[in-house]
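Residue numbers (this note's numbering): 46 to 264.
For each residue, glycine too, the CB sits at the ideal point set by N, CA and C.
Note that the structure is predicted; figures quoted are calculated from it, not measured.
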């Protein structure tokens, strides 16, 4: 299914408006009536995504195949909030399905900011992966892939400190360790060829790069 660009922009705007309307700048943890917020979110998702509300708990991530990266990121932000509400309400299936939609959507829209201008997909994805409860919806292998996606994105943009954080997070999960260590070694070795000023602009020092290489070689 191909969605017209004007429809996509309308969907992005509607999702952003729904998020702002339901939460009004409040953290999900401070919502006084999570049940009402969940109903309002599901009504908005059902209307914008053209899917029955009861199907939102049955592999909604299949819809992402038709989404642009920006739309995927915008929808994923709502599904992160939906997962947090579902956790408060004790709705295990809604929680797990929402987390999985969210991480996939954020990964697909990793280079985008949200329509409201507040926050980015990559920052929210990092936040989700750092949340032990939300992250537990995934296997270590899946988490490693997500961290590697963050690493490759940040490395390609010379955001060296966040790339370093991501590759070590992926390695720590213990899956495909040798492959990830080799990727890390190549990355840090190539960084040594940069000028100190370029390294500093990426958020690291030459000493930190040498230290990272030593840690990888010592594993």
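Segment limits, alpha helix (DSSP H) that includes residue i
i, result
"residue 212", "205-217"
"residue 197", "185-201"
"residue 73", "Per DSSP, residue 73 belongs to no alpha helix (DSSP H) and is neither H nor E."
"residue 243", "241-246"
"residue 263", "Segment: none, residue 263 is in no alpha helix (DSSP H) and carries neither H nor E."
"residue 111", "Per DSSP, residue 111 belongs to no alpha helix (DSSP H) and is neither H nor E."
"residue 226", "222-236"
"residue 143", "137-153"
"residue 84", "79-94"
"residue 178", "177-180"
Residue of the options minimising C-alpha distance to residue i
i, options, result
"residue 179", "142, 166, 90, 243", "142"
"residue 122", "167, 88, 238", "167"
"residue 63", "132, 160, 128", "160"
"residue 131", "172, 119, 86", "86"
"residue 195", "97, 183, 124, 213", "213"
"residue 136", "107, 169, 84, 91", "84"
"residue 146", "133, 134, 163, 124", "124"
"residue 205", "172, 241, 177, 183", "241"
"residue 226", "253, 260, 72", "260"
"residue 249", "215, 208, 223", "208"
"residue 171", "72, 228, 82, 210", "210"
DSSP beta-bridge partners of residue i
i, result
"residue 165", "158"
Same chain only: Cβ atoms within 7 Å of residue i, ignoring 5 sequence neighbours per side
i, result
"residue 153", "109, 114, 117"
"residue 56", "93, 116"
"residue 66", "none"
"residue 174", "180, 188, 191, 192"
"residue 97", "91"
"residue 53", "113, 116"
"residue 106", "145, 146, 149"
"residue 247", "203, 204, 205, 206"
"residue 200", "208, 232"
Residue i, buried or exposed, once every other Cβ within 10 Å from all chains shown has been counted against 16
i, result
"residue 256", "exposed"
"residue 129", "buried"
"residue 189", "buried"
"residue 237", "exposed"
"residue 75", "exposed"
"residue 70", "exposed"
"residue 95", "exposed"
"residue 100", "exposed"
"residue 202", "exposed"
"residue 81", "exposed"
"residue 252", "exposed"
Beta-carbon proximity list for residue i, same chain, < 8 Å, skipping 5 on both sides
i, result
"residue 262", "230"
"residue 104", "142"
"residue 61", "119, 159, 160, 161"
"residue 198", "155, 156, 167"
"residue 234", "258"
Spatial neighbours of residue i in its chain, beta-carbon cut-off 6 Å, leaving aside the 5 residues before and after
i, result
"residue 102", "138, 139, 142"
"residue 165", "158"
"residue 220", "185, 186, 189"
"residue 127", "86, 143"
"residue 133", "79"
"residue 218", "185, 188, 189"
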